[in-house]
Each structure stands twice: as C-alpha cells, then as structure tokens.
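Quick note, the sequences are listed as chains A and B, same order.
For what it's worth, my numbering labels the leading residue of the first sequence as 408, then goes sequentially.
For what it's worth, my numbering labels the leading residue of the second sequence as 408, then goes sequentially.
Below you'll find the structure, written out as structure tokens, and then a few comments.
Protein chains: 2
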Amino acid sequence: MAQEHDRSREPMGALGQSCRDCSLSELCLPVALDGLTVDELSAIVERDSYLERGEALYQVGDAFQAIYAVHSGALKTAELAIDGEEQIFGFHLPGELVGLDAINDKRHPCSAVALEASSVCAIPYDQLEALAAKIPGLQRQLFRIMSQEILADHEMLHSLARRRAEDRLAIMLVNLADRFGRRGWSRDRLRLPMSRGELSNYLALAPETLSRLLKRFEQQGLIAANGREIRLLDRRQLDALAGRPDHPPGGSC
Amino acid sequence: MAQEHDRSREPMGALGQSCRDCSLSELCLPVALDGLTVDELSAIVERDSYLERGEALYQVGDAFQAIYAVHSGALKTAELAIDGEEQIFGFHLPGELVGLDAINDKRHPCSAVALEASSVCAIPYDQLEALAAKIPGLQRQLFRIMSQEILADHEMLHSLARRRAEDRLAIMLVNLADRFGRRGWSRDRLRLPMSRGELSNYLALAPETLSRLLKRFEQQGLIAANGREIRLLDRRQLDALAGRPDHPPGGSC
DNA sequence: CGTAATTTTGACGCGCGTCAAAGCTTGTGG
DNA sequence: CCACAAGCTTTGACGCGCGTCAAAATTACG
Chain A
408 MAQEHDRSRE PMGALGQSCR DCSLSELCLP VALDGLTVDE LSAIVERDSY LERGEALYQV
468 GDAFQAIYAV HSGALKTAEL AIDGEEQIFG FHLPGELVGL DAINDKRHPC SAVALEASSV
528 CAIPYDQLEA LAAKIPGLQR QLFRIMSQEI LADHEMLHSL ARRRAEDRLA IMLVNLADRF
588 GRRGWSRDRL RLPMSRGELS NYLALAPETL SRLLKRFEQQ GLIAANGREI RLLDRRQLDA
648 LAGRPDHPPG GSC
Chain B
408 MAQEHDRSRE PMGALGQSCR DCSLSELCLP VALDGLTVDE LSAIVERDSY LERGEALYQV
468 GDAFQAIYAV HSGALKTAEL AIDGEEQIFG FHLPGELVGL DAINDKRHPC SAVALEASSV
528 CAIPYDQLEA LAAKIPGLQR QLFRIMSQEI LADHEMLHSL ARRRAEDRLA IMLVNLADRF
588 GRRGWSRDRL RLPMSRGELS NYLALAPETL SRLLKRFEQQ GLIAANGREI RLLDRRQLDA
648 LAGRPDHPPG GSC
C-alpha cells in the first residue's frame with residue numbers, strides 16, 4: 408500500500424487473485440487504513456470477475472449496485488451521443504475506481520467496457536456505505552477519493568476546452584505515464600491500452616489530427632512511438648507543453 | 408442532478424437569514440434528512456458571511472477548513488493559468504456548494520470570488536465529517552452530492568470539448584435557467600450574475616465570439632437579451648441545440 | 001493468406017481566434 | 001449633475017488550426 412515503491416515491471420507480480428494489495432490500493436493508499444479496516448474491506452469485496460476485450464462491465468442505465476476497482480487490464484467509460492457516435496468519458500487503469508458517478512441517481516450514466524482482457528473487483532456499494540459509517544478512516548478516504556476525482560475532472564475539463572490539440576496530447580501522455588508510474592510501471596515507457604480512435608475520441612480530436620500530432624512529436628524528438636508502444640523521450644518538454652512547470656503526479660481521467 | 412420538485416416560485420420566501428432552509432438545501436434536499444439531523448447540521452454551520460463584488464472567499468493554496476453553501480449572490484471559482492490569464496472553473500449559484508475539490512489535499516486548488524454582493528454559510532469540514540460518521544443519512548447525502556458533481560463535470564467536460572460554440576452557449580443558458588429554476592426563479596428569464604467576459608472565459612470562447620452568438624440567437628428568435636437580462640424564448644430549440652431531446656434538469660457547472 | 005479494420009497521408013474549407021477600433025456602460029471627481 | 005476616464009461589449013476584417021473528405025498504407029484477425 409505504500410506509494411511509489413519501485414515494483415518489478417511485471418504487471419501484477421505474484422499477487423494473483425488477492426484483491427488486498429492491488430485493486431483496493433486506491434482505497435487504502437493515501438492514508439494507510441489500519442490492518443483491521445483493510446480486512447473488513449476485503450471481506451465485502453467480491454472475487455475478481457474477468458472481462459474480455461470489448462465486454463461491458465455495465466451499460467448505460469443499469470442499476471447501480473457496486474463500484475469497481477480495476478485489477479488488471481483497462482476500461483473505458485463511454486456513452487452514445489445523440490448522433491449515435493460513441494463519446495468516451497474516461498479511461499480506467501489498474502488500481503483505479505469505476506462507477507463513482509452513479510451513486511447519485513442509482514443508475515449508471517455511462518457504460519464501462521474493457522479495452523483489453525481485464526479483471527475487476529466489485530465493491531457492493533450498500534456494504535461500503537455501511538462500513539464507511541462504522542469506520543471513520545474509510546469514510547474520510549472515500550470523501551478524499553471523490554474530491555480528487557472532482558479536482559482531476561476540473562483540470563481535464565479546462566485542458567480539453569481551452570488548450571490546443573498539441574497540448575492536449577502532451578497532457579494525456581504525461582497523465583497516462585504518471586498513472587502507470589504510480590502503479591509501478593515505467594514513467595517514460597508505456598503501452599497504450601486504447602486504440603488511436605479511442606484516444607482521439609477522448610481528446611476530442613479527429614483521428615487524423617492525432618496521427619499527425621504523434622508524427623510531429625516523433626520528429627521533434629519528444630516521443631518514440633511504435634504502434635501502441637510509446638516512449639517519452641523528452642519529459643521536460645512534454646511537461647512544458649502540458650503546462651506544468653515541474654512534474655507533480657497528475658490527476659486521473 | 409436534483410429532481411424537479413416544484414417549489415414556490417418566490418426566490419427565498421420569508422426565510423431570511425436562517426441557514427436551515429436556504430443555503431443548506433443542497434445538503435438536505437434530495438433525500439429529506441430528518442429534523443434532528445437538520446438541527447445538528449445547523450448547529451455546526453457558521454453564520455452567514457458577506458462578500459462584496461470581487462471579494463475572495465478563499466484563494467488558491469489556502470488551507471482547506473470548510474465547504475461553503477452559497478446563500479445569496481453568486482461566486483466563480485477560478486485559477487490563474489501559466490500565461491497569467493484567469494481561467495474560470497465554475498459558477499456557483501444560491502443553494503450550491505463550493506470547495507468540494509479541496510478535500511483531498513487540504514488546500515484549495517482554485518480561488519472563489521464573489522461575482523456580486525453575496526452571502527455564504529461556512530460548514531467546517533472536520534465537524535461535517537464527524538457528523539457524517541454519526542449520521543448515516545448525512546454521509547449518504549454527501550456521497551450523493553459529490554457523485555452528482557462528478558457526473559455534472561463529466562457532462563460539461565464533453566460538452567465543452569466537442570460541441571460547437573453555438574451548442575455550448577445553448578447548454579450554458581439552459582443549464583443556468585434550470586439551476587435558477589430549481590431555486591424557485593423563472594425558468595425562461597434570468598439575470599446573468601457574470602459578465603460576458605467571464606461567461607466566454609468559462610465557455611472557452613473569445614468574448615467576440617460570444618457576442619456574435621448572442622446576436623445570432625436573438626436574430627433567430629431563440630432569446631431576448633438586454634445586458635445581463637436574458638429571456639429564453641424558444642426553449643425547445645435551445646434544448647435541441649444543447650443536445651437534449653426533452654429537458655431533464657441539467658448538471659451544475 | 002485474404003478481408004476488414006485501423007492508421008496514415010494529402011488537399012481543402014470553415015469555425016472561431018486574433019487584431020483593431022468604434023460604441024456603450026459604469027464609476028469618480030469637480 | 002455633468003465631464004472624463006476606464007472599463008466592458010460590439011462590429012468588422014483576416015488568418016490559422018483543425019475538421020472533413022478521399023484514398024493509400026498498414027495492421028489485425030479469422
């Protein structure tokens with residue numbers, strides 16, 4: 408549960424199915440909950456369920472029963488716009504939570520779909536709420552996580568709305584690198600879990616524009632791209648494009 | 408998104424200074440908390456503090472101590488971008504909460520400034536958290552409010568990012584009308600609390616573009632604008648532009 | 001290995017930002 | 001109560017970033 412320990416580059420190490428150290432880290436991480444709490448939390452968490460590429464964890468309008476912690480793989484949340492086009496709301500990497508936006512009206516406002524073979528833990532919301540009422544540390548932690556999501560959304564919101572395409576891509580790349588980095592992967596080498604089309608969709612760009620930008624970044628020596636493999640070669644300049652003077656870990660999106 | 412109960416159309420009724428029914432309505436409204444809870448909540452809420460136009464409730468980086476419920480007037484939350492430009496994150500109308508994005512790292516990530524003479528109630532966060540631990544209904548309510556904010560942000564995010572200027576303005580107008588409407592004001596006649604510059608800033612438009620759009624909307628008979636007074640003349644068409652088939656209440660921004 | 005889907009490349013056009021300047025407010029001091 | 005200044009808001013002219021359309025090149029997958 409400690410942050411930033413430099414894990415092996417093996418995705419999940421030898422932890423296998425146990426939810427304790429992987430998927431729940433978002434809940435346990437920032438302020439270490441004590442062992443008893445973690446045990447109680449583990450007790451209500453349902454065993455991993457597996458999703459194939461393209462399989463939905465839930466659909467728009469489904470009744471809200473649980474929030475989910477991504478264990479391995481990656482998900483996208485999306486809805487269909489009026490014109491029938493998919494609109495991607497966010498990507499969810501291992502260790503992150505999905506479904507927080509459904510608490511209010513007890514229905515999922517978007518679908519969650521696996522980008523690749525993935526596994527997730529379900530945390531039944533009723534029980535989580537009850538447990539949070541019993542354990543102040545957990546309640547606090549939940550408030551923090553939600554606050555963090557609100558903040559990250561605000562930042563993404565304004566990045567997307569008023570930065571140029573170039574900046575948005577830089578923001579996205581360092582954001583992903585940081586989020587993978589937080590889970591123990593390399594901070595300057597990443598494998599994108601989403602297609603170019605999905606990425607451009609999320610960034611509100613035409614796929615063509617994204618393609619051209621990646622090429623330009625490569626020509627400028629900022630990155631090296633090979634399919635979904637991306638290496639960040641000039642982190643300082645990318646950070647500058649992304650509008651951060653130094654590089655504190657970014658928010659989630 | 409709160410749900411559509413039809414209150415009296417008088418702005419604040421005769422409630423005067425009492426925080427009980429006005430500023431805290433966001434906390435009490437959707438699922439009525441019982442009387443005892445509301446009393447306990449009222450007990451920890453600090454008396455209204457008044458802000459003049461342009462006065463800051465808090466600044467970027469200030470220590471987080473309380474969340475605030477807008478009682479009257481209106482606030483904007485904003486930060487200064489790298490280039491020195493102000494970037495407006497959101498507007499906060501009577502009955503809405505400000506400061507939820509500061510829970511996570513105990514510092515305000517943006518400033519909150521009064522758009523006009525305003526009054527707010529401070530709700531000390533430590534005490535709120537303690538009370539929420541004691542009263543499950545309140546905890547649940549807080550989770551709901553935060554979830555709602557996350558959802559509303561997601562919606563605004565994608566509105567701003569991938570809709571045309573025209574659509575964004577329509578979205579904003581119906582959004583504001585709904586939010587005022589929820590507080591008992593007219594749903595087709597509103598007085599903007601923010602300047603054109605602030606509105607265009609929030610919508611990520613040039614002020615000139617906003618001006619031209621308003622003119623066009625007027626020529627098309629969608630609205631009647633006179634300074635900050637706006638009348639929505641063709642709600643159906645505005646909803647269509649905003650991308651809603653019918654008009655469910657919009658999110659907050 | 002063939003077919004479909006994805007990604008890349010090029011040509012072109014439009015929406016919206018930018019610059020400049022003219023109204024139009026709002027506030028302050030004489 | 002008017003004069004002048006310092007905003008705001010509007011209007012017009014112009015250019016560029018990025019979307020759109022079309023087609024080639026590459027990759028993914030049965």
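Glycine residues also receive a C-beta, built at the ideal position from the N, C-alpha and C atoms.
CB contact check: residue i to chain A, cutoff 9 Å
| i | result |
| --- | --- |
| B/Q555 | yes |
| B/A611 | yes |
| B/M579 | no |
| B/Q494 | yes |
| B/P531 | no |
| B/N582 | no |
| B/P539 | Here residue 539 of chain B is Ala; the residue named in the question, Pro, does not match the sequence. Interface residue, yes. |
| B/F498 | no |
| B/A509 | yes |
| B/H478 | no |
| B/L558 | yes |
| B/R589 | no |
| B/L380 | For chain B, the structure presents residues 408 to 660; residue 380 of chain B sits outside this window and is missing. |
| B/A488 | yes |
| B/R619 | no |
Beta-carbon gap between residue i and residue j smaller than 9 Å
| i | j | result |
| --- | --- | --- |
| A/G480 | A/L458 | yes |
| B/A450 | A/Q546 | no |
| A/G468 | A/H515 | yes |
| A/A473 | A/E453 | yes |
| B/E556 | B/R623 | no |
| A/S554 | B/I510 | yes |
| B/C517 | B/Y475 | no |
| B/L448 | B/V477 | no |
| B/S395 | B/R603 | No information on residue 395 of chain B is available, as it lies outside the stretch 408 to 660 that chain B covers here. |
| A/L612 | B/L567 | no |
| A/D560 | B/D560 | yes |
Proximity to residue i [Cα-Cα], best of the options
| i | options | result |
| --- | --- | --- |
| B/R598 | B/R638, B/T616, B/S518, B/R575 | B/R638 |
| A/G497 | A/A649, A/L564, A/G634 | A/L564 |
| B/A485 | B/L443, B/A524, B/D508, B/P501 | B/D508 |
| B/S525 | B/I630, B/L504, B/V505, B/S456 | B/S456 |
| A/L504 | A/I552, A/S566, A/N633, A/K513 | A/I552 |
| B/G461 | B/A632, B/L620, B/E605, B/E625 | B/E605 |
| B/R643 | B/N608, B/L580, B/L617 | B/L580 |
| B/V445 | B/L487, B/L535, B/V520, B/I495 | B/L535 |
| B/D533 | A/F550, A/Y532, A/I630 | A/F550 |
| A/V520 | A/Y465, A/L567, A/S566, A/D512 | A/Y465 |
| A/R635 | A/L612, A/R571, A/R596, A/D441 | A/R596 |
| B/G628 | B/R571, B/S566, B/L645, B/E615 | B/L645 |
| A/L443 | A/G506, A/G544, A/L621, A/P531 | A/G544 |
| A/I495 | A/A632, A/S607, A/P614, A/Q626 | A/S607 |
is_contact[residue i, chain B] using C-beta, thresh 9 Å
| i | result |
| --- | --- |
| A/I451 | no |
| A/Q546 | yes |
| A/G604 | no |
| A/L564 | yes |
| A/C528 | no |
| A/R586 | no |
| A/P543 | yes |
| A/G650 | yes |
| A/F550 | yes |
| A/P614 | no |
| A/A519 | no |
| A/P516 | yes |
Residues near residue i in its chain [Cβ-Cβ closer than 6 Å; skip 5 each side]
| i | result |
| --- | --- |
| B/L522 | A481, K483, P600, M601 |
| B/L648 | D574, A577 |
| B/G506 | I474, Y475 |
Close Cβ partners of residue i (< 7 Å) along its chain, the five nearest in sequence each way excluded
| i | result |
| --- | --- |
| B/L487 | E493 |
| A/L700 | Outside the modelled stretch of chain A, which goes from 408 to 660, sits residue 700 of chain A, for which no answer is possible. |
| A/A463 | S518, A519, V520 |
Proximity test, residue i beta-carbon vs the ligand GTP heavy atom, cut-off 8 Å
| i | result |
| --- | --- |
| A/N608 | As for the ligand GTP, it is missing from this structure, which has no ligand bound. |
Contacting residues, own chain, Cβ-Cβ under 8 Å from residue i (five flanking each side not counted)
| i | result |
| --- | --- |
| A/R570 | I578, G650 |
| A/P531 | I451, E453, Q472, A473 |
| A/L610 | L567, A572, R575, L576, M579, L617 |
Between the region 627-645 of chain B and the region 572-588 of chain B, do three or more beta carbon pairs fall short of 8 Å?
Proximity of the region 627-645 of chain B to the region 572-588 of chain B meets the contact definition, three or more beta-carbon pairs being nearer than 8 Å.
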